[in-house]
Structure formats: structure tokens, C-alpha cells
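Q:
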Amino acid sequence: DAGVTQSPTHLIKTRGQQVTLRCSPKSGHDTVSWYQQALGQGPQFIFQYYEEEERQRGNFPDRFSGHQFPNYSSELNVNALLLGDSALYLCASSPRGFYEQYFGPGTRLTVT
Amino acid sequence: QKEVEQNSGPLSVPEGAIASLNCTYSDRGSQSFFWYRQYSGKSPELIMFIYSNGDKEDGRFTAQLNKASQYVSLLIRDSQPSDSATYLCAVKEMDSSYKLIFGSGTRLLVRP
């Protein structure tokens, strides 16, 4: 039973560029949440997708956007990258009706 | 601003001892509580969740919840060097919210 998968593992971008991160949820899960984790901090909630719509959003600017596909996989897009966007980006999936969230391995984004 | 507070540590315990990790939260309406383990350079792994007051045991782990005092704790019995990691406490707010709010984590060091 495959867990949550994310791609790519690492990414280096230049300030001002755009990036797309991808996530496939655990089998049987239909809800995907995205988090940003800075070094030494806990994950910060970006948004959650359910039934292909953004269900809830955290305190992140509109530069952060997402999408969920009919197969429940999801993308996180970040435009106009800033140095401060450098972080570990985590995708988490949940089964329908349950609150537990299971994280993927993450994508380490470095903005130079 | 709803907060989850944890002592950053490190909490150092000898092998075989009981490690006690604590977490307090500010939102009295919080419903669900989670403990994640995060090894250095890896993503968080869900190890326990608790929804009701009292204790919940799973193997060497016991989660304790006291909603009146707004704290949740994690006990690790017979601590092993492999338990050395950062432990993140996460809280789900009221029913209408889906996001998890994380503390910054407590670093646990189990000495052989």
C-alpha cells in the first residue's frame, strides 16, 4: 500500500520564478492538505483540497495556489518566488470523514 | 492568534527511561490532538491521536489529554536511542476548521 508521494524531492529556483509541486495521496484518501515547514519550526497550513475545490486556506498570499485532480492528486503552485519561500513543502492526505493527516516525504525548495 | 506551545528541549533521558513530552494549546474549542515524530531531514510521521479526555495507549506510547487544563502529553516508555527525534504536537481547531496547528516541536535525545 503506497503512502503519500511527492515530487520532486529537491528543487532550486531563482527569485521571481514560478514552481509547481506535486502530490499523490495515500490509497483510499480523498483530501489533500499542503503545509510549509521552515527550519526549526512546525508545519504551517497553506490550504486543503477536497472534491477538487479549496476547502480552507491559511495565512498565505495569493502567490500560493493549488489544484486537485479527479484522481485526488494535487499540485501546489508558487508564483514570483521570494527568498523567504525556501522551506520544506509537505503534502498530507486524509481519508474521508477522518481528521488524521499523513504526510509525504516533502519537497525541499531552495530559492536563490 | 491560536497557538500550540511546546518546550523546544532538548529533553535528554537515558535508555529505558520514560520520556514525557508536553504541549499546551490556546483554543478551548479544539477537538482533536495529534503527535508526530520527525527525524532530522525527514517528514513528520503520525504516531498517536486522541480525541477524548483521558489516556490512550498504543504500544510504548501513551497520549494524555486534559481539555479543562488545555494540555496534551505524550509518554514514551522504555525509551530507545531510535526514539531520538523531534516530536510535534498538532491541534485541530473547532469542527468548522480542517487545518492542524502545530507547535515548534520538542527535541528528544535518548542516551545509550
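From first to last, the protein sequence lines are chains U and P.
Going left to right, the first sequence walks through residues 3 to 114 as the numbering used here numbers them.
Going left to right, the second sequence walks through residues 93 to 204 as the numbering used here numbers them.
Glycine included, each C-beta is placed from N, C-alpha and C at the ideal position.
(1) Shorter than 8 Å from the beta carbon of U/P45 to some beta carbon of chain P?
(2) Sort U/Y51, U/N61 and U/V6 by Cα distance to P/E137 and report the nearest one.
(3) Exposed or buried, what is P/S104 when buried is set at 16 or more other beta-carbons lying within 10 Å of its beta-carbon?
(4) Any idea which residues DSSP pairs P/M140 with across the strands?
(5) Please classify U/D87: does DSSP put it in a helix, a strand, or coil?
(6) Given U/L90, which residues of its chain have a CB within under 6 Å of its CB, disregarding the five upstream and five downstream residues?
(7) What number of angstroms, rounded off, separates the C-alpha of U/E77 from the C-alpha of U/S67?
(8) Going along chain U, which residues have a C-beta under 7 Å from P/Y190?
(9) Of all the options P/L192, P/M186, P/S171 and P/S188, which has the alpha carbon lying nearest to the alpha carbon of P/R203?
(10) Which residues in chain P sit within 8 Å of U/Y104, going by Cβ to Cβ distance?
(11) What is the DSSP secondary structure of U/S35, counted as helix, strand or coil?
(12) Measuring alpha carbon to alpha carbon, tell me which residue in U/T22, U/L23, U/D32 and U/K15 is nearest U/G99.
(13) Hey, does U/G99 have any beta-carbon neighbour from chain P nearer than 8 Å?
(14) Just reading off the beta strand (DSSP E) that P/L106 is part of, what are its end residues?
(15) I'd like to know whether the C-beta atoms of P/G197 and P/E97 end up nearer to each other than 8 Å.
A: Straight from the coordinates:
(1) yes
(2) Ranking U/Y51, U/N61 and U/V6 by Cα distance to P/E137 puts U/V6 first.
(3) exposed
(4) The secondary-structure analysis by DSSP pairs P/M140 across a beta bridge with P/W127.
(5) helix
(6) Within its own chain, the residues whose Cβ lies closer than 6 Å to the Cβ of U/L90, once the five positions on either side in sequence are excluded, are Q39, G108 and R110, listed in chain order.
(7) 8 Å
(8) Q50, R57 and Q58
(9) That would be P/S171, whose Cα lies nearest to the Cα of P/R203.
(10) L138
(11) strand
(12) U/D32
(13) Not flagged as an interface residue toward chain P: U/G99, since no C-beta distance is shorter than 8 Å.
(14) Reading the sequence as shown, one finds Pro at residue 106 of chain P and not Leu. From DSSP, the beta strand (DSSP E) with P/P106 extends over L103 to P106.
(15) no
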